[in-house]
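Student: One gets my numbering by counting positions in the sequence shown from 1 and adding 97 to each.
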Amino acid sequence: RTCRTLDVCTPLLEDALGEEPHGEIEHTCGGVTACSTCHVWINKGMENRSEATDAEGDRVDQARDVKITSRLSCQARIETDNVEIVCEIPAWNRNLVKEAPHD
Ligand code: FES
98 RTCRTLDVCT PLLEDALGEE PHGEIEHTCG GVTACSTCHV WINKGMENRS
148 EATDAEGDRV DQARDVKITS RLSCQARIET DNVEIVCEIP AWNRNLVKEA
198 PHD
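#1: Is Thr130 a contact residue of the ligand FES, with contact defined as CB to any heavy atom under 6 Å?
#2: Please classify Val157 as buried or exposed, where buried requires at least 16 neighbouring CB atoms within 10 angstroms.
#3: Should Gln174 be labelled buried (16 or more other beta-carbon atoms within 10 Å of its own) or exposed?
#4: For Arg161, does the three-state DSSP call read helix, strand or coil?
#5: Cys126 and Leu110: beta carbons closer than 7 Å?
#6: Could you check where the beta strand (DSSP E) with Glu185 kicks off and where it finishes?
#7: Within the present structure, is the beta-carbon of Cys184 separated from the nearest heavy atom of the ligand FES by less than 6 Å?
#8: Based on Cα-Cα distance, which residue from Glu176, Pro187, Thr166 and Asp151 lies nearest to Ile139?
#9: Is Pro118 helix, strand or coil by DSSP?
#10: Does the Cβ of His119 have 16 or more other Cβ atoms within 10 Å, making it buried, or fewer, making it exposed?
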């Protein structure tokens with residue numbers, strides 16, 4: 098999955114959710130660093146993202162299959178304009194059950 102940044106400082110999660118179909122990245126806590134369901138591997142463009150805070154580092158360590166490229170997509174922000182970021186969503190992290198929209 099390629100996440101193209103629309104605005105510098107946009108979290109990867111927000112950028113990804115702005116595309117169709119929405120909600121491909123799970124985000125149980127809504128982006129407040131209280132879960133690790135938004136865990137992604139950044140396979141390209143890692144040098145263009147913000148540094149992880151201690152809170153993010155502590156939380157991402159609770160995700161499964163953590164790699165050196167692991168980030169919480171709700172926290173990792175792009176710091177450079179016009180760059181390509183390639184994210185991989187761990188298969189076990191995908192939300193396979195979707196709630197029907199509420200009217
Ligand atoms: Fe929960 Fe990112 S959505 S930590």
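Where a beta carbon is used, it is the ideal one built from N, C-alpha and C, also for glycine. These numbers come from a predicted model, not from an experiment.
Tutor: Looking at the atomic coordinates:
#1: For the purposes of this step, residue 130 is taken as the residue at position 33 of the sequence shown. For the ligand FES, at least one heavy atom lies less than 6 Å from the Cβ of Thr130.
#2: Within the sequence shown, numbered from 1, the residue matching residue 157 stands at position 60. When all chains shown are included, Val157 counts as buried.
#3: Position 77 of the sequence shown, counted from the start, is the residue given in the question as residue 174. The amino acid occupying residue 174 in the given sequence is Arg; Gln does not appear at that position. Arg174 comes out buried.
#4: Position 64 of the sequence shown, counted from the first residue, corresponds to residue 161. In this structure, Arg161 counts as coil in the three-state DSSP scheme.
#5: If you number the sequence shown from 1, residue 126 lands on position 29. If you number the sequence shown from 1, residue 110 lands on position 13. In this structure, Leu110 does not lie closer than 7 Å to Cys126 by Cβ.
#6: Here residue 185 is taken as the residue at index 88 of the sequence shown, counted from 1. Where Glu185 is concerned, the enclosing beta strand (DSSP E) stretches over Glu181 to Glu185.
#7: As a first step, residue 184 is located in the sequence shown; it is residue number 87 there, counting from the start. No, the Cβ of Cys184 stays beyond 6 Å of every heavy atom of the ligand FES.
#8: In the sequence shown, the residue the question calls residue 139 occupies position 42. Ranking the options by Cα distance to Ile139, first place goes to Thr166.
#9: On the sequence shown, residue 118 is found 21 positions in, with the first residue counted as 1. Interpretation of Pro118 is limited by its pLDDT of 43, a score under 50 that renders its predicted location unreliable; no figure is taken from the coordinates.
#10: One-based indexing of the sequence shown puts residue 119 at position 22. Note that His119 has pLDDT 43, beneath the 50 cutoff, so the model's placement of it is unreliable and no number is given.
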